[in-house]
Structure formats: structure tokens, C-alpha cells
Amino acid sequence: MWEHLRSVDPEVYDVVIGELNRQEYGLELIASENFASPAVIEAMGSVLTNKYAEGYP
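Under this note's numbering, the first residue of the sequence shown is numbered 22, with each subsequent residue one higher.
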């Protein structure tokens with residue numbers, strides 16, 4: 022996963038992997054911190070992120 026990111030920007034790739042490991046193996050004690058489901062993360066990385074509605078009420 023994220024092979025294209027690793028080839029384009031290895032530094033950002035390392036940050037993403039580090040955060041993934043922190044969330045997967047760490048114990049989060051901040052009650053207000055929420056984690057998006059894998060389905061939401063997948064949708065955020067889809068072609069839907071190419072659309073936005075600037076100024077839309």
C-alpha cells in the first residue's frame with residue numbers, strides 16, 4: 022500500500038507509516054481523538070477528493 026507515495030515522496034511516506042504504527046500499536050488516552058474507519062480513509066483517498074465546492078453554502 023502507498024507504493025506510489027513512497028516513490029514520489031519518501032519522507033511523507035515515512036510520516037504516514039509512522040502515524041499508522043502509532044495508531045495501530047499505541048494507546049491513545051485523549052478522549053476527544055477519534056479515528057476514521059478504513060472505509061472513510063479509502064474514500065478520502067479516492068477521486069472524490071478532486072471535487073470541492075468553494076463558496077457553496
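Just so it is clear, CB atoms sit at the ideal spot from N, CA and C, and this is done for glycine as well. Here the structure is a predicted model, which means the values were calculated and not measured.
- For a cut-off of 8 Å, the C-beta gap from Val33 to Leu26 is around 6 Å, short enough to register as a contact.
- Positions of the alpha helix (DSSP H) runs, each at least 4 residues long and wholly inside the stretch 41-69, are given as 59-65 in order along the chain.
- For Glu24, the uninterrupted alpha helix (DSSP H) run begins and ends at Glu24 to Val29, by DSSP.
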